[in-house]
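Working notes, structure below.
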Amino acid sequence: KKIPYISVKINNLNYTKEEFLKLLDMKNINIVKEIEEIYYLDSGSILDTYEFKRGQITVQDGSSYLAAKFLAPKANERVLDTCAAPGGKSMAMAEMMDNSGEIIALDIHKHKLKLIDHRAEQMGINIIHSELLDARKVAEKFGTESFDKVLVDAPCSGFGVIRKKPEVLYTKQMKNVQQLAKLQLEILTAASKTVKVGGTLVYSTCTILNKENIENVTKFLKGNPNFKVEKIELPGGVTGSFDKIGGLNIFDEFLDGFYMVKMTKTKRDGE
Numbered sequence: 001k002k003i004p005y006i007s008v009k010i011n012n013l014n015y016t017k018e019e020f021l022k023l024l025d026m027k028n029i030n031i032v033k034e035i036e037e038i039y040y041l042d043s044g045s046i047l048d049t050y051e052f053k054r055g056q057i058t059v060q061d062g063s064s065y066l067a068a069k070f071l072a073p074k075a076n077e078r079v080l081d082t083c084a085a086p087g088g089k090s091m092a093m094a095e096m097m098d099n100s101g102e103i104i105a106l107d108i109h110k111h112k113l114k115l116i117d118h119r120a121e122q123m124g125i126n127i128i129h130s131e132l133l134d135a136r137k138v139a140e141k142f143g144t145e146s147f148d149k150v151l152v153d154a155p156c157s158g159f160g161v162i163r164k165k166p167e168v169l170y171t172k173q174m175k176n177v178q179q180l181a182k183l184q185l186e187i188l189t190a191a192s193k194t195v196k197v198g199g200t201l202v203y204s205t206c207t208i209l210n211k212e213n214i215e216n217v218t219k220f221l222k223g224n225p226n227f228k229v230e231k232i233e234l235p236g237g238v239t240g241s242f243d244k245i246g247g248l249n250i251f252d253e254f255l256d257g258f259y260m261v262k263m264t265k266t267k268r269d270g271e
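This is the structure:
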């Protein structure tokens, strides 16, 4: 069993790749793999650096970053991150938006929202507004067609991150998976109502189980024919495959096991 490498992202708002490479050289840390803006390193000592403590370098997995990247938020857009803690995707999206626009980051745990707020402050990001809310109630709270882009990184069984959390094998039973799949579909359906016509919806999980992935999205599309799946490109250096509806399964030696689907809302709900 391989120990997972530490994966980090640099904060493009206040740090450069040149500075990062210089720091690695100084600390004698090597990049083992590079996926887009994520660097897999052979030493965890990066976490002891001043740059990490200042939020110029953050811990983020490649799969998690790709879910945010496929949503492709732009400056001045209004974005919803339905299950946001610990906030890595919200931070990455804020950088993609050049810290302009608005990101509403939801979670059902108050202490996790504090973590998001702390990370945002540490990184010099001020467009993330965290809110305590059950994601199934987003349409009532924010209204329909109120966001340009919506990310549903749903709570899941975690079978894609067994390398990092082997206890998942013992704590998750099929009964839990059934309940989770139901919850995921409820969140996805509720969140979809808040997407503007022409807007983007990304559904992602850190699991490899069909029940939580393709089966859920198939049910969603059947009930919401005004959404269509968009083609996403598998980045170079990433091992994965596409299912028959266009969802991407990542099963890479370095990246977390992950599933993601990108959809566009083609017309209003019920039309």
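Once you know that position 72 of the sequence shown is 72 in the numbering used here, the rest is easy, because the numbers rise by one and skip nothing.
Ideal placement from N, C-alpha and C gives every residue a C-beta, glycine not left out.
Note that the structure is predicted; figures quoted are calculated from it, not measured.
Helix, strand or coil: how does DSSP classify residue i here?
{"i": "residue 91", "result": "helix"}
{"i": "residue 215", "result": "helix"}
{"i": "residue 100", "result": "coil"}
{"i": "residue 168", "result": "Residue confidence is low: residue 168 scores 44 on pLDDT, short of 50, so the model does not pin down where it sits. No coordinate-derived value is stated."}
{"i": "residue 34", "result": "strand"}
{"i": "residue 128", "result": "strand"}
{"i": "residue 117", "result": "helix"}
{"i": "residue 271", "result": "coil"}
{"i": "residue 223", "result": "helix"}
{"i": "residue 47", "result": "helix"}
Could you tell me the boundaries of the alpha helix (DSSP H) in which residue i lies?
{"i": "residue 39", "result": "Per DSSP, residue 39 belongs to no alpha helix (DSSP H); it is in the beta strand (DSSP E), 38–41."}
{"i": "residue 143", "result": "Unbroken run through residue 143: none, as it is neither H nor E."}
{"i": "residue 53", "result": "50–53"}
{"i": "residue 7", "result": "That residue, residue 7, is in no alpha helix (DSSP H); its beta strand (DSSP E) goes 6–10."}
Using a Cβ-Cβ cut-off of 8 Å (strictly less than) and excluding sequence neighbours within five positions of residue i, which residues of its own chain qualify?
{"i": "residue 41", "result": "5, 6, 7, 8, 24, 29, 30, 31, 32"}
Which residues in the same chain have their Cβ closer than 6 Å to the Cβ of residue i, if we skip the five residues on either side of it in sequence?
{"i": "residue 73", "result": "79, 93, 96, 97, 149"}
{"i": "residue 125", "result": "94, 99"}
{"i": "residue 129", "result": "104"}
{"i": "residue 86", "result": "115"}
Contact criterion: CB-CB distance below 9 Å. Does residue i meet it with respect to chain C?
{"i": "residue 269", "result": "Of the protein chains in the structure, only one exists, and it is not chain C."}
Which residues does DSSP pair with residue i in a beta bridge?
{"i": "residue 262", "result": "202, 230"}
{"i": "residue 241", "result": "249"}
{"i": "residue 24", "result": "In DSSP, residue 24 forms no bridge with anything."}
{"i": "residue 59", "result": "8"}
{"i": "residue 152", "result": "203"}
{"i": "residue 195", "result": "147"}
Taking the straight line between their C-alpha atoms, what separation do you get for residue i and residue j?
{"i": "residue 50", "j": "residue 59", "result": "14 Å"}
{"i": "residue 192", "j": "residue 15", "result": "35 Å"}
{"i": "residue 248", "j": "residue 214", "result": "10 Å"}
{"i": "residue 105", "j": "residue 188", "result": "15 Å"}
{"i": "residue 113", "j": "residue 241", "result": "34 Å"}
{"i": "residue 54", "j": "residue 196", "result": "36 Å"}
{"i": "residue 81", "j": "residue 18", "result": "31 Å"}
{"i": "residue 270", "j": "residue 144", "result": "12 Å"}
{"i": "residue 152", "j": "residue 202", "result": "6 Å"}
{"i": "residue 52", "j": "residue 46", "result": "7 Å"}
{"i": "residue 135", "j": "residue 27", "result": "42 Å"}
Assuming residue i is part of the beta strand (DSSP E), what are its boundary residues?
{"i": "residue 109", "result": "From DSSP, residue 109 is part of no beta strand (DSSP E); its letter is neither H nor E."}
{"i": "residue 81", "result": "78–81"}
Who are the near neighbours of residue i in its chain, counting only those whose CB is closer than 7 Å to its CB and skipping five residues on each side?
{"i": "residue 89", "result": "64, 67, 68, 81, 151, 153"}
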